[in-house]
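To keep things clear, I will list the structure first and then write my remarks on it.
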Amino acid sequence: MTVFQRPDPTLIVLQRLAENAHDVDALFVLAALRVMDGNVPEGLTILDHVLRLDPGYPGAWRFKASLHGRQGETAAEASARRMADDIEP
Amino acid sequence: MSAPAQSMKMKICMAGQASVGKTSLIRRYVLDEYEDRYIATLGTKITKKKVTVPDPRGGQPVAVDIIFWDIMGTSTIRELLKEAYYHGAMGIFAVADLTRKETLRALDDWARSIRSVAGNIPTYGVVNKQDLEPDREISADDVDAFFGKRGWPWSYTSAKTGIGVEESFHRLVESVLASRDVVRQSASDGGPPRPS
Numbered sequence: 044m045t046v047f048q049r050p051d052p053t054l055i056v057l058q059r060l061a062e063n064a065h066d067v068d069a070l071f072v073l074a075a076l077r078v079m080d081g082n083v084p085e086g087l088t089i090l091d092h093v094l095r096l097d098p099g100y101p102g103a104w105r106f107k108a109s110l111h112g113r114q115g116e117t118a119a120e121a122s123a124r125r126m127a128d129d130i131e132p
Numbered sequence: 370m371s372a373p374a375q376s377m378k379m380k381i382c383m384a385g386q387a388s389v390g391k392t393s394l395i396r397r398y399v400l401d402e403y404e405d406r407y408i409a410t411l412g413t414k415i416t417k418k419k420v421t422v423p424d425p426r427g428g429q430p431v432a433v434d435i436i437f438w439d440i441m442g443t444s445t446i447r448e449l450l451k452e453a454y455y456h457g458a459m460g461i462f463a464v465a466d467l468t469r470k471e472t473l474r475a476l477d478d479w480a481r482s483i484r485s486v487a488g489n490i491p492t493y494g495v496v497n498k499q500d501l502e503p504d505r506e507i508s509a510d511d512v513d514a515f516f517g518k519r520g521w522p523w524s525y526t527s528a529k530t531g532i533g534v535e536e537s538f539h540r541l542v543e544s545v546l547a548s549r550d551v552v553r554q555s556a557s558d559g560g561p562p563r564p565s
């Protein structure tokens, strides 16, 4: 049987960020990893940074909306969802 | 083919485990290129391609702006990001790797995740890396049974040689176009099909 081991996403993220601190792909996944660790506020902070670097980053506004929804921040959730509908490819 | 009378945007989500060749298949289809080096996709890559295909209803050609969402093949964060990635998806291009048996079974979870957001959208399966036939780990019977049981059309592809790639994407596009008619028809009969 062929055994394929994809490198740990955290390691890939850290490697990419070491090469380029503004790598939006790596930052987006870092935000998701922080949320998975239970740290939604830090995930949102990183996500906001992604959206400053690339306001059209695919999926970022909708991800932001879902995180605000988790936090019970309904106005921010609705605002992010509107942005997603306007901007998303 | 005469000039298209209608146009539409079509979001297609790539599905499948890491390193099955999702990015390479898009690259082959859009650029007709192949890169042997494996670079893991992080986050999402958007690729667009315009095609003109016959309307399945037999009418005028349709100009389709395909928007491919090439999503990282990491299942651990799939559920967290599923709304972000799959909202508005109209078709699933599900990719397994001929040399890794588990990649075929994994397609169920990918399709389930996408359909939980996008509904019961058309799915087209491919078994990629046909050029690695000597290393085959999935029997032809298993492939047939897997896709047949789910009712997904499928084919073999090789992003490396290009075999089957264009036809597979076109078949998914045609399925999506045909499904629009099903939705319209169902709507007039009392509502669109529900997610399974």
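Quick note, the sequences are listed as chains A and B, same order.
Numbers 44 to 132, taken from the numbering used here, label the letters of the first sequence in order.
Numbers 370 to 565, taken from the numbering used here, label the letters of the second sequence in order.
Even glycine gets a Cβ: it sits at the ideal position worked out from N, Cα and C.
C-beta atoms of residue i and residue j nearer than 8 angstroms
| i | j | result |
| --- | --- | --- |
| M383(B) | G460(B) | no |
| A599(B) | I435(B) | For chain B, the structure presents residues 370 to 565; residue 599(B) sits outside this window and is missing. |
| A528(B) | T492(B) | no |
| T53(A) | L76(A) | yes |
| G533(B) | Q499(B) | yes |
| V83(A) | R113(A) | yes |
| K414(B) | T445(B) | no |
| R469(B) | E506(B) | yes |
| A432(B) | K419(B) | yes |
| P425(B) | L546(B) | yes |
| V93(A) | A108(A) | no |
| V389(B) | H539(B) | no |
| G81(A) | Y454(B) | no |
| L467(B) | L501(B) | yes |
| V78(A) | L400(B) | no |
| S482(B) | R519(B) | no |
Exposure of residue i, with buried meaning 16 or more beta-carbon neighbours within 10 Å
| i | result |
| --- | --- |
| G559(B) | With a pLDDT of 39 at G559(B), under the threshold of 50, the predicted position of this residue should be treated as unreliable, though the coordinate-derived value follows. G559(B) is exposed by the Cβ-count criterion. |
| A465(B) | buried |
| K451(B) | buried |
| H111(A) | buried |
| E402(B) | exposed |
| Y407(B) | exposed |
| T117(A) | exposed |
Residues near residue i by beta carbon distance below 8 angstroms, same chain, minus five either side
| i | result |
| --- | --- |
| L523(B) | Note that residue 523(B) is Trp in the sequence shown here, rather than Leu. Once the five neighbours on either side are set aside, the close Cβ partners of W523(B) are Y493, G494, V495, V496, V512, F516. |
| E471(B) | Q386 |
| D439(B) | M383, K391, T392, I395, T410, T413, K414, I415, T416 |
| R124(A) | W104, R105, A108 |
Neighbourhood of residue i by C-beta, 7 angstroms cutoff - its chain only, sequence neighbours within 5 removed
| i | result |
| --- | --- |
| E535(B) | Y398 |
| A69(A) | V56, R59, L60 |
| T443(B) | A387 |
| A568(B) | The structure shown does not extend to residue 568(B), since chain B is modelled only from 370 through 565, so no value can be given for it. |
| H65(A) | L96 |
Reduced DSSP secondary structure (H/G/I, E/B, other) of residue i
| i | result |
| --- | --- |
| G412(B) | coil |
| G494(B) | strand |
| V389(B) | coil |
| L114(A) | The sequence given here places Gln at residue 114(A); Leu does not occur at that position. Coil at Q114(A), not helix or strand. |
| M377(B) | strand |
| S537(B) | helix |
| D439(B) | strand |
| T445(B) | helix |
| E383(B) | One point to set straight first is that residue 383(B) is Met, not Glu, in the sequence displayed. Strand, per DSSP. |
| W521(B) | coil |
| P101(A) | coil |
| K419(B) | strand |
| R474(B) | helix |
| A64(A) | coil |
| R469(B) | strand |
| P425(B) | coil |
| P50(A) | coil |
| G531(B) | coil |
| I461(B) | strand |
| D405(B) | coil |
| A432(B) | strand |
| T88(A) | helix |
| E506(B) | coil |
| E120(A) | helix |
| A75(A) | helix |
| D129(A) | helix |
Heavy atom of the ligand MG within 7 angstroms of residue i beta-carbon
| i | result |
| --- | --- |
| R549(B) | With respect to the ligand MG, the structure offers nothing, as it holds no ligand at all. |
Cβ neighbours of residue i in the same chain (closer than 6 angstroms, five flanking residues each side left out)
| i | result |
| --- | --- |
| R105(A) | A127 |
| G99(A) | I130 |
| D510(B) | none |
| S548(B) | P491 |
| S544(B) | P491 |
| L87(A) | L110 |
Open item on the list: Closer than 8 angstroms between beta carbons: that is the criterion. Which residues of the region 438 to 465 of chain B meet it against chain A?
Closed with: Within the region 438 to 465 of chain B, the residues whose Cβ lies closer than 8 angstroms to some Cβ of chain A are W438, M441, G442, T443, T445, I446, L449, L450, E452, A453, Y454, H456, G457, listed in chain order.
Task: Residues in the region 61 to 78 of chain A having any Cβ partner in chain B nearer than 9 angstroms - done: Listed by position, the residues of the region 61 to 78 of chain A near chain B (Cβ gap below 9 angstroms) are D66, V67, D68, A69, L70, F71, V72, A75, L76, V78.
Open item on the list: So if I threshold CB-CB distances at 7 angstroms, which residues from the region 403 to 418 of chain B count as touching chain A?
Closed with: Shown in chain order are the members of the region 403 to 418 of chain B whose Cβ falls below 7 angstroms from a Cβ of chain A: A409, L411, G412, T413, I415.
Task: Residues within the region 106 to 127 of chain A neighbouring chain B, beta-carbon criterion of under 9 angstroms - done: Near chain B, meaning a CB-to-CB distance below 9 angstroms, the residues of the region 106 to 127 of chain A are F106, K107, A108, S109, A127.
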